């Protein structure tokens, strides 16, 4: 018997998101029904609403969530009803060419629920990132529901489902930050601050936060930044070089997604330094690099998709770090809001007034 619940829907491009009743099926084989407790308001949800991801409207928004498994379908042994889970938009299939090569964090056929959630008239909904968690209940593939320690606060725990994992993994997995490295992070939002926290915990000797907002730089210090550069009035490349003995950083994480900040990151690397792009670029954005310098500087230019993470491995680790006081997930939560306040949260996010708004159900 389908469950009728309230959910946040984007009906058409650029139209305000609205709360509507939707139908969520009982879980089928390999699926789980999760009672959503909290879901972060991420830029990706706004991209869906704007039609920047695809035109498969209507969208069921929300993907950065935590909750309790309510029911499981046939064949599901893990997780179990009553388990506290964080939702993941990567659930490796185990059979694609990446999985067969032992690189499931690159899975090309990530699993999602097979049954659609729908409007009351039967119109199928496209769930954001295969999740759709701005809803009282969500239907997922069992592999998308990662069991973690239930002592974690849902509004904090859910954030590792996307933004925190993307930034953390960009530094740890993609950038392979090491003890004693110098690190620069461009953009001190949720993703950038997660990269800063990861680099600090990994033992980087200098972690340099770069942003155009002094308030964001102050927050970055809370996550472990040892130095800050306001690039609105300062050349960030020169500043980072000065802070690294004239050499440049061993690792630069670009968490903005703009061509100009990517070029800054390219030039503020040390010789053989690594630049990791974690910021999501706008459709159609292009970049031009000096070919001779690309060759002569060496190093690596990498793109980080979801922090090259494996949720079943990484989510429990980040939750344990949070519960031990080493990773302040609660500091990412600027405010909590209700389902019908998602549009207001989008507006605050666009104005840079929040690190994360979190919908609490």
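In full-length UniProt numbering, the protein residues as written are 1 to 361. We treat Cβ as the ideally placed atom computed from N, Cα and C, and that holds for glycine. As the structure is a prediction and not an experimental result, all values here were calculated from the model.
Suppose you measure from the CA of residue 168 to the CA of residue 2; what does that come to, to the nearest Å?
37 Å
Leaving out five residues before and five after residue 118 in sequence, what residues of the same chain have Cβ atoms less than 7 Å from its Cβ?
22, 23, 124 and 125
Answer yes or no: do residue 37 and residue 361 have a C-beta to C-beta separation smaller than 8 Å?
yes
Residue 179 burial status per 10 Å Cβ neighbour count (16 or more: buried):
exposed
According to DSSP, residues forming a beta bridge with residue 40
64 and 358
Quick one: is residue 77 buried, meaning 16 or more other Cβ sit within 10 Å of its Cβ, or exposed?
exposed
Classification of residue 144 by the beta-carbon crowding that lies within 10 angstroms, buried from 16 upward
buried
Which stretch, first to last residue, makes up the beta strand (DSSP E) that contains residue 196?
Counting along the chain, residue 196 falls outside any beta strand (DSSP E), though it belongs to the alpha helix (DSSP H) covering 190-201.
Residue 189 versus residue 161: straight-line alpha-carbon distance, rounded:
16 Å
What's the gap between the Cα of residue 220 and the Cα of residue 246?
23 Å
Grouping DSSP H, G and I as helix and E and B as strand, with all else coil, what is residue 206?
strand
From 181, 216, 210 and 185, residue whose alpha carbon lies closest to that of residue 203:
181
Pull up the DSSP beta-bridge partners for residue 50, would you.
Note: residue 50 sits in no beta bridge, so no partner.
Span of the beta strand (DSSP E) around residue 21
18-24
Nearest neighbour of residue 157, chosen from 333, 224 and 351 [CA to CA]
333
Per-residue burial, residue 287 [other beta carbons within 10 Å of its own, 16 or more giving buried]
exposed
What are the boundary residues of the beta strand (DSSP E) that residue 147 is part of?
145-147
Answer yes if the segment 275-290 comes into contact with the segment 76-90, meaning at least three C-beta pairs across the two stretches below 8 Å, and no otherwise.
no
Is the separation between the beta-carbon of residue 248 and that of residue 273 shorter than 8 Å?
yes
With DSSP run on the structure shown, which of helix, strand or coil describes residue 186?
strand
From the DSSP output, which residues share a beta bridge with residue 35?
68 and 137
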